[in-house]
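Asker: Before anything else, here's the structure in question.
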Amino acid sequence: MDDFRINTQNPNILTVIKPLGKPISLKAGELIKAEILDILASGAITLKIEGSTLTAKTDIPIKNNTEAIFRVLGANKEGTELKLQFIGYEKEEIPSQKIIPLDNRALNRIIQDIGKLSYRNNISSQKYLELLEHFIKELPDNMENLPSDTKSHVQEILKQSLISTGKNIITRLSELLQQLPDNLTFKESFLKIFELYRKNMAINIEKFDYQNLKNSIQNTGVILEAKLKSMISILNKIVQSEISKQNIDLSEIKLDLKTQLLQLKNLLISENKEESIELVNSLIKDIETYQVLSKTTDSFYTFIPVFWDKLIKSDIKFKKNEKDDSKNSFSCRIDLDLEEKGILNILVLMNNKSFIIYFRAENNLFLKQLRSYINELDKRFKEAGLTLKSTVLIDNKSSVSELDKIGNFEGKINIKI
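Here the sequence shown stands for residues 171 to 587, numbered as in the numbering used here.
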């Protein structure tokens, strides 16, 4: 049995002091489950994490014979202390209750509830949707009033929920269309609309260009409410006879993925198609998760429906450099997980029409292959009337955090593929 000591200087925060020479295989930000084995007379507790039994002291009133969920906050520089945050109990029920204005304790409670649902398998998407809608409705208008550690916590648990299905949105959308009941009213019309969405909005990596990217982002559902607000503004101007009715264009709303999913959900509810309703809810849940991430981080998070063989996952973040003297200074960070080549990190810095590009690859052979294409890359930039000032290639001896320092991604736009 390993001995640990847990200090609790902050509510729900556990500082685990581990013995020297005994590594703990945990990653910062991940959610872990611990089995509470016993509460000793001394106040210490014994618990099991990933098969390892340990003894710890804590002031938190932990329940005996339960399974608790903790979030790993990170270790100190020496690697002797590990901070964990108590999220809640794995099998604790989340009661349905009337929505009331949130104070700090209520806000923390709903974050804990979201965290527990993010950790579980086969969760009810409807329950998750209720929590998300409650949460985003009650967030402060000024996000500066939300503590930075709370923002970070919310971001981590919401990201956990996005990867919990193991499949991206475009894959699950295709599965949904295949599983719709044959006797569903207006099924054919819905299939035609979704096929139009896939044809016009989903991106083929071979034809990836600015206009395709713009159309995709506008119709993922993440900015649906912004579109509706804009439409209301237009309608108000029509009422006031400031503009003509001919200026109304509903195509952006009709083709919006969230619009189509909400309409399909209402139809499925009217016909009691419970299994299909859960599939639709899971897609709406992910879209609204991106909306909550956008709200809490004061940035723009979304996914791109892209078809690209050999791509496991990708994360693309855009940032306008407000502090830079130039008005045309931007950064773009691209993280690719490729089936055969491994992880590739790219950082693009732009100032006016001049660019600096950093490549970091875990696979050094792949990095060598990239090096052979630098002249071709420079040629492509010149053909586009742009200047590639420098290309920097970094091997796997340097950490990804080095790129983070260069890019300094605060106030970013984050796009998940």
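Note that beta-carbon positions come from the ideal geometry of N, C-alpha and C, so glycine has one too.
Here the structure is a predicted model, which means the values were calculated and not measured.
Take every Cβ of the region 504-512, pair it with every Cβ of the region 529-538, and state whether three or more of those distances are shorter than 8 Å.
Answerer: yes
Asker: Would you tell me roughly how many angstroms separate the C-alpha atoms of Pro265 and Asn451, rounded to the nearest one?
Answerer: Bear in mind that the predicted position of Pro265 carries a pLDDT of just 40, short of 50, making it too unreliable to give a figure here.
Asker: Do you know whose CA, among Phe473, Leu354 and Lys490, lies nearest Asn498's CA?
Answerer: Lys490
Asker: Could you check if Asn338 is buried or exposed, using at least 16 other CB atoms within 10 Å of its CB as the buried criterion?
Answerer: buried
Asker: Measure the CB-CB distance between Val462 and Leu302 and report whether it falls below 7 Å.
Answerer: yes
Asker: If you draw a straight line from the alpha carbon of Ile209 to that of Glu448, how long is it in whole angstroms?
Answerer: Their backbone Cα atoms lie some 40 Å apart in a straight line.
Asker: Looking at Phe529 and Leu540, is the spacing between their C-beta atoms short of 7 Å?
Answerer: yes
Asker: Is it right to say Arg503 is buried, meaning 16 or more other beta carbons lie within 10 angstroms of its own, or is it exposed?
Answerer: buried
Asker: Considering only their Cβ atoms, is the gap separating Pro351 from Lys487 smaller than 7 Å?
Answerer: no
Asker: May I ask you to report which of helix, strand or coil DSSP gives Asp426?
Answerer: Shown here, Asp426 sits in coil according to DSSP, grouped into three states, outside any helix or strand.
Asker: Would you identify the three-state DSSP class for Asp548, choosing helix, strand or coil?
Answerer: helix
Asker: What is the DSSP secondary structure of Thr466, reduced to helix, strand or coil?
Answerer: helix
Asker: With burial defined as no fewer than 16 other Cβ atoms inside 10 Å of the residue's Cβ, what is the status of Ser501: buried or exposed?
Answerer: buried
Asker: Near Lys428, what residues of its chain come up, given a Cβ to Cβ distance below 6 Å and the 5 sequence neighbours on each side ignored?
Answerer: Gly391, Leu394 and Ile457
Asker: If we call anything under 7 Å between Cβ atoms a contact, is Leu201 one with Gln330?
Answerer: yes
Asker: So, at 6 Å on beta carbons, what are the nonlocal neighbours of Asp157 in its own chain, with the 5 sequence-adjacent residues on each side left out?
Answerer: Given that the chain is displayed from residue 171 to residue 587, the structure contains no residue 157 and the question cannot be resolved.
Asker: If you measure between the beta carbons of Asp548 and Leu558, is that distance less than 7 Å?
Answerer: yes
Asker: Which first and last residues belong to the alpha helix (DSSP H) in which Glu345 is found?
Answerer: Ile339 to Gln349
Asker: By Cβ distance below 6 Å, which residues in the same chain neighbour Ser322 in space, the five residues on each side in sequence not counted?
Answerer: The answer is none, since no qualifying residue turns up.
Asker: Less than 7 Å separating the beta-carbons of Ile340 and Thr472?
Answerer: Thr472 sits away from Ile340, with the two beta carbons spaced by 7 Å or more.
Asker: Leu508 lies in the beta strand (DSSP E); which residues open and close that run?
Answerer: Ser499 to Leu508
Asker: With DSSP as the reference, label Asp173 as helix, strand or coil.
Answerer: Because the pLDDT at Asp173 is just 40, under 50, the model does not fix this residue reliably, and the value given afterwards should be weighed accordingly. Of the three classes helix, strand and coil, the one that applies to Asp173 here is strand, per DSSP.
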